[in-house]
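First the structure, in the form of structure tokens, and then the observations on it.
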Amino acid sequence: MVKGKRALGVVVATAAIAATMAVAGCSASDANQGGGETASIKSVSSQAFVDIDGAKTQAVIVEYSDDVDASSVSADDFEVTDYATYTYGAQGAEGFERGDGAAAGTVTKAYVNDERATSDKGGVDAGKYVVLEVNTDYMLAGNTPAYTATAMVGVKQTGELTSKGKAVQASSDEVNNYTIEDVERTKPNGEKETKTVITADAESIILPELAGGDSWKIGEKFAAVDCFSEYTGEKSDFDLLYSIYVPQLSDADKGHVALALHILDAGSLGEDPMLTLTESQAPVDWASDSVQSQQKTIVVCPQVSEEQRSSNDYVATSEINTALWELMDYLVNDSDYADYIDTNRIYGTGQSMGGMTLMDMAAQRDNYFAGFMISGSQWSNCYNKDVASEGQVARTLETDPRTFAGDYASDPNFENWYYQVSDDNILVFNCEGDAMSHGLWEYANKYFSANGAALNTAMIEPDGNVSAGDGVIENLVSNAGATAINWITFKGGSHMSTWKYSYEFTEGFKWLLQQTRDSEMSRAKVEGLNAEYNGTTGDGFTGGTKGMNSALFGINGPSEVYPEGWTPESVQTYLAAHPDANKKNGPTGK
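For the sequence shown, counting from 1, position 305 maps to 311 in the working numbering; every step adds exactly one.
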């Protein structure tokens, strides 16, 4: 156990956190090393990697002003605060879904290096950097904060070191890379709440997997024009921020490289392109040797701002929808990579908002994508474009010709989502405890089943047994039935946990990379779904999904909140008159 490891203590209130961390943001000059004769701490950095629960500190790197003697360094000489130890101090074991919370983030190895990085060789005899590797064998519970929170680190040198044979004395001061403050926010329902916000200096965070260079190009800008929003009914021009991974390419790769679009969830909206690259493991999975060795793939990851939040449950999307199509058209037709891209292998991955946006795009351009892997995403079935979000004009062939371009402009079936995707290659992950996502895919399964084409379903216990989960996925996709829509349910769980579980399995990517657009084109759609919706017979569903505008009737009978033919205005009127109405399984709005 690291000496003094729990000096942070158990935090019982936000005010206590702020008081305990009063030294947050101090510099090396603030943290005088007890009058040491030689070296002193100049700065502290976090070397992190992207785990299934987001960016995670794997080493705290302490920079000294002069070389430190490795023989004088041990783990007991330092007291470290990182996000894991902070979480355990604030929440105890409840802050962790897996692993020993008491051990999470604690120092496992200490050595000296001559560069600001970990060392595979165990360091050097003397150097300016003391590297403190920490325990990463845990999974955080709940929603994972931004990387600028989870990469927070602070260090106190509690033992005496030597530099060139001279003493570097201990100090009670912490040198760190973060600040902590209380921020008052307003919830969507108007209530005020105070949240503790941790912000680490991005320049002090080292992410070797996302180092840029020839492979990752981070923070590119694409000039999107005439982008239509169903929220406002207006068009706008803006620079779409994105990052792109490009594997090493040669002439032999021309026409053989896949293209993947990964879209983030609404929990990481903002202007920092690193948010989408670190909130889930999907981007680094796409760029990994294990995935790239199966199929060379160019990976594009857009960063969406808070103002461009997309995909509400009335099946409405923001201007980001059009912009994504424009970016994809540019990459496929006009970019430096165009000659390399195999249009038979264009894939989509995303979670929550990202998966919902992809599912909308799947209907807008039929069989454009070769396959999807989506996580924690749902879609209501309001593809009746006469029922638009908040009374605005909907996205149609006339209002948004940039989305419905070329051969796709003459396809009238984009409003009947179930029929349009019925020949698609789709792998869906959601949690049993996520009522919205699980419920709406359950409805979808019943619509398909009523037409003789049940979805392929299986359940996984999300207990960290990756081999067993991979086996379930492999068995499911190998024994597909009448459709290629495969639905994995994680037992229990919640919405925010879904993409932690989803991306730890290699079989998902393996299946996806085996899918092609040609396979969709050769597969028949479920024709019964393209009939007009005719209501229910008793407890059952008959007919098609054409013109249907609520997932809450047709299976379990009528809903008072969302009756057949509901509109956003009728829902708002009803809820205003019935404030206690249960909204658990209905559209949630923007």
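From the three backbone atoms N, C-alpha and C, an ideal C-beta is built for every residue, glycine too.
| Query | Result |
| --- | --- |
| Proximity below 8 angstroms, CB of Y117 to CB of V137 | yes |
| Nearest-angstrom Cβ-Cβ length linking G160 and V181, presumed shorter than 8 angstroms | 7 angstroms |
| Status (buried if at least 16 other CB within 10 Å, exposed otherwise) for S358 | buried |
| First and last residue of the uninterrupted beta strand (DSSP E) at I47 | I47 to D57 |
| Where the alpha helix (DSSP H) through E513 begins and ends | T512 to L519 |
| Residue-chain proximity (E103, chain B), Cβ-Cβ < 8 angstroms | Within the model displayed, chain B is absent; a lone protein chain is all it includes. |
| Assigned exposure category for G219 - 16 Cβ within 10 Å defines buried | exposed |
| Ordered list of beta strand (DSSP E) runs contained in the region 172-196, each at least 3 residues | 172-174 and 184-192 |
| Beta-bridge partners of P308, as assigned by DSSP | Y248 |
| T124 and E139 closer than 8 angstroms at C-beta | yes |
| Length of the line joining the Cα atoms of T150 and F496 | 18 angstroms |
| Collapsed DSSP secondary structure at G377 in the structure displayed | strand |
| Which listed residue (S49, A54 and G60) has its alpha carbon closest to that of E510 | G60 |
| Collapsed DSSP secondary structure at N462 in the structure displayed | strand |
| Cβ neighbours of Q287 in the same chain (closer than 6 angstroms, five flanking residues each side left out) | V56, I58 and Y509 |
| Counterpart residues of T205 in DSSP-defined beta bridges | T185 |
| Of the listed residues L581, A65 and E121, nearest to V74 (C-alpha basis) | E121 |
| Per-residue DSSP class, three states only, for M6 | This structure does not reach residue 6, given that the chain is present from 7 up to 596, and the question cannot be answered. |
| Of the listed residues V310, S221 and A344, nearest to A329 (C-alpha basis) | V310 |
| Start and end residues, beta strand (DSSP E) containing F435 | I432 to C437 |
| Contact between the region 101-113 and the region 79-87 (3+ Cβ pairs under 8 angstroms) | yes |
| Rounded C-alpha distance that separates I204 from G499 | 26 angstroms |
| CA nearest to the CA of A459, picked from I479, T409 and G550 | G550 |
| Three-pair Cβ contact test at 8 angstroms for the region 526-538 versus the region 421-440 | yes |
| Opposing strand residues paired with N492 [DSSP bridges] | L433 and N462 |
| Top-ranked residue by Cα proximity to G95, from A415, E103, A108 and E85 | A108 |
| Inter-stretch contact at 8 angstroms, needing at least 3 Cβ pairs: the region 406-425 / the region 364-373 | yes |
| Span of the alpha helix (DSSP H) around E448 | A441 to A456 |
| Reduced DSSP secondary structure (H/G/I, E/B, other) of K552 | strand |
| M280 burial status per 10 Å Cβ neighbour count (16 or more: buried) | buried |
| Host beta strand (DSSP E) of Y135 (start-end) | A132 to V140 |
| Beta bridge counterpart(s) of F102 as assigned by DSSP | L146 |
| Best match in G475, F515 and N471 for proximity to R104 [C-alpha to C-alpha] | N471 |
| For G499, three-class secondary structure by DSSP | coil |
| Sub-8 angstroms separation of N327 and S316 beta-carbons | yes |
| 8 angstroms contact criterion, which K600 and M158 should meet: CB distance rounded | Past the edges of the chain, shown from 7 to 596, lies residue 600, and the structure says nothing about it. |
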